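One structure below.
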Amino acid sequence: MAAAWRIERSTAASRAALFAVALAFAALLALPARGDSGDLRLAVEICYSLALAQAWNLLAGYTGLVSVGQQAYVGLGGYAFFALTVLAGMPPLPSLALAGLVAAALALPTAFVVFRLHGAYFAIGTWVVAEVFRLLLAQMRPLGGGTGMSLPVAVVRDLAQSRGARDLITYYLGLGLGLGTVLLVFFWLRSRQGLALTAIRDSETAAASVGIDNRRTKFAVYAIAAGIAGLTGALAFLEKLRISPDAAFSVGDWTANVIFIVVIGGIGSIEGPILGTIVFFALRALLADYGAWYLITLGALAVAVMLLAPQGLWGVVARPLGLQFFPVQRRLRPLNSPQTAPEAASPGRGD
Amino acid sequence: MPPLIRLDEVCKSFGALKVIDRLSLALGEGEALGILGPNGAGKSTMFNLITGDLRPSAGRIHFAGRDITDLPAHRRCRLGVGRSYQIPHPFGGMSVFENLLVAAAFGTGRKEAACYGRCVEVLERTRLMPKANVAAGRLTLLERKRLELARALATGPKALLLDEIAGGLTESECQELIATIREIHADGVSIIWIEHVVHALLAVVGRLVVINFGREIAQGAPDAVMADPAVQEIYLGIEAA
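In order, the protein sequence lines correspond to chains A and B. Start counting the first sequence at 97; every next residue gets the next number (the working numbering). Start counting the second sequence at -8; every next residue gets the next number (the working numbering).
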């Protein structure tokens, strides 16, 4: 009857990738020794763009929540950070963590409202909500109203006395946010809940018919994505030292660019947003001197990818090769098969 | 003992169109019930009402004595309602094995590792083992239909709702399918099967219900129902004498 079998969860490519990721991480840890302040700032921006891209990919690529309003939570996170440090006098690092929690907490009541909308209406609804938050913050006098406010020197000094040390701390915070988000998404997708997320990605109707609570899963994804956006906002405006409603709730900076990254990289995978982030920053560096041509090129590329390769650049590269660097799959292997891999059946992580 | 599934005067309208019109129906514990009816008779809509994909405009639906009319689809699945879709809805980016795994884990509420054994059993029973690691999106239509059955089975249903899974099969494939469904039934799973392939249906079910315009027009022992002039006229297109 039932032959002996086991569950295999990694591939040769993924084990090689794990090694490459470890190497890259070690190199990134050592970057401050080589790079100057400008390099570190760029690295932080790349890291939080990657975090936002992974979060948006969970939203749109897995649960079908095409939000155009993630700037709501970047802005709320940024403002929460300023309020906690300046108005409440809390130290910067705990404020940063708390700002992420504030954004996630505010996402839950917001979700009750926007989840009543579907498809394009949901997208527009999230954008409107972000505008509402922007207008509300512009009314808040203690936080600088419409003109915004600067981070007082005392708060900045509280983080670290020297500029070099502050750059270093911000850099490692950014690295932690970027890498932490990738790992969070990876382990989430590998878990039992990740099976549900992937099933919802492929068919919401069928997902409900096999016992998956789509609504609860969407709430969880929306709140986590908001938390990541909140942390990004806190970190970004700690680095910029100044916040204003227009910058904090910018749909271009915090959502449009992120959508571009995910779409050209490849939606619905972990590798796609990573590739997209690399492509985006490479293009930005290459086209920095060409003014408006920069945006025209980005737009043209996005249209081309959507028409010719809806699976994104990662799909073009990986699909024919069956390549997967972040293996979230389970393969059933008979025990007497010639294919041998060191991994035995890995226990389910449960929920 | 109450019937496993009971529909009480259930209605479903889409705007002015009445798809289900005061339909009452019961599925006994351990029963295999066949549903016949022309296209557009409301058969799949009836399934959608039982599984919670749709809410009735009026009437109540009970499962094992419990009123489930207001429960969402995923809760009904966990209670023991398993279904296959007429138009397959595979989780295309997941392998066949993963399709079953997610169904088993969430349909039964168990941990993932506790479901591997059940999934292997279902793969063997539905003869999908050779395709276990193939992405469901790459299956042929017939394989997708088998996957629909397998995935519903993986959720550990008390009642299995099958929506036209025999269409397009060769005679030998059809015999295999009949044998599989009989095995499932023999294991104590109650079955409602919508099917146009009448001989396959008659090989499995103990009772037939014929539906037209959202209403029951005949029900009872298969032979008697098939001999009913109203059924022959409406369903088989034979003029009543």
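Quick reminder that beta carbons are idealized off the backbone N, C-alpha and C, glycines included. All figures in this text were calculated on a predicted structure; none of them were measured in a lab.
Is DSSP giving arginine 135(B) helix, strand or coil here?
helix
Is the CB-CB distance between glycine 174(A) and alanine 330(A) below 9 Å?
yes
According to DSSP, what are the bridge partners of leucine 291(A)?
DSSP, once it has assigned bridges, lists no residue as partnering leucine 291(A).
Interface flag, serine 163(A) vs chain B, CB-CB below 9 Å:
no
For a contact meaning CB atoms closer than 8 Å, what does glycine 71(B) contact in chain A?
The premise fails here: glycine 71(B) is roughly 10 Å from chain A at the closest Cβ pair, so nothing lies under 8 Å.
According to DSSP, valine 399(A) sits in a beta bridge with which residue or residues?
Bridge partners of valine 399(A): none, in fact.
Under 8 Å Cβ-Cβ, which residues of chain A neighbour glutamate 89(B)?
Leu291, Thr294, Gln425, Arg426
Would you kindly check if the distance between the Cβ of proline 188(A) and the Cβ of aspartate 254(A) is under 9 Å?
yes
Euclidean distance between Cα positions of serine 340(A) and arginine 237(A):
12 Å
Under 9 Å, do tryptophan 184(B) and isoleucine 172(B) count as touching if we go by C-beta distance?
yes
For arginine 137(B) and chain A, any beta-carbon pair shorter than 9 Å?
no
Check the C-beta distance from alanine 304(A) over to leucine 155(A) and give it rounded, since I have them as a contact under 8 Å.
Not a contact, Cβ separation roughly 19 Å.
Residue-chain proximity (histidine 53(B), chain A), Cβ-Cβ < 9 Å
no
Is DSSP giving histidine 65(B) helix, strand or coil here?
helix
Alanine 295(A) and asparagine 90(B) - do their beta-carbons sit closer together than 9 Å?
yes
Is aspartate 447(A) buried or exposed, if buried means 16 or more other CB atoms sit within 10 Å of its CB?
At aspartate 447(A), the pLDDT of 34 sits below 50, so the modelled position is not reliable and the matter cannot be decided from this model.
Classify asparagine 203(B) as helix, strand or coil using the three-state DSSP reduction.
strand
Taking Cβ to Cβ, would you say leucine 172(A) is nearer than 9 Å to threonine 277(A)?
no
Inter-stretch contact at 8 Å, needing at least 3 Cβ pairs: the segment 268 to 283 of chain A / the segment 133 to 152 of chain A:
yes
Which term fits isoleucine 78(B), buried or exposed, when burial requires 16 or more other beta carbons within 10 angstroms of its beta carbon?
exposed
Give the single residue among His80(B), Leu70(B), Gly147(B) whose Cα lies nearest to the Cα of aspartate 154(B).
His80(B)
Among Gly131(A), Ala123(A), Arg415(A), whose alpha-carbon lies nearest the alpha-carbon of glycine 260(A)?
Gly131(A)
Considering only heavy atoms of the ligand FMN, does any lie closer than 8 Å to the CB of glutamine 210(B)?
The model depicted lacks the ligand FMN and carries no ligand whatsoever.
To which residues does DSSP link lysine 3(B) through a beta bridge?
Ile11(B)
What residues match up with phenylalanine 54(B) in a beta bridge as DSSP calls it?
Ile(-4)(B), Arg57(B)
Which stretch, first to last residue, makes up the beta strand (DSSP E) that contains arginine 259(A)?
Premise fails: arginine 259(A) lies in the alpha helix (DSSP H), 259 to 286, not in any beta strand (DSSP E).
Please work out which residues of its chain come closer than 6 Å, Cβ to Cβ, to glycine 368(A), disregarding the five sequence neighbours upstream and downstream, and give them in chain order.
Gly361, Gly362, Gly408, Trp410
For serine 86(B), go through chain A and note every residue whose CB falls closer than 9 Å to its CB, in chain order.
Gln425, Arg426, Arg427, Leu428
Could you tell me how far apart the beta carbons of valine 162(A) and alanine 122(A) are, in whole angstroms, since I believe they sit closer than 8 Å?
No, valine 162(A) and alanine 122(A) are not in contact; Cβ-Cβ is about 37 Å, not under 8 Å.
The segment 85 to 100 of chain B contacting the segment 126 to 142 of chain B, beta-carbon criterion three pairs below 8 Å
yes
Is the CB-CB distance between glutamate 20(B) and proline 47(B) below 9 Å?
no
Given leucine 140(B) as reference, the closest of Val180(B), Val216(B), Leu199(B), Lys9(B) once Cα atoms are compared
Val180(B)
When DSSP labels each residue in this structure, what does leucine 431(A) get in the three-state scheme?
coil
Give the DSSP-derived three-state secondary structure of arginine 297(A) in the structure shown.
helix
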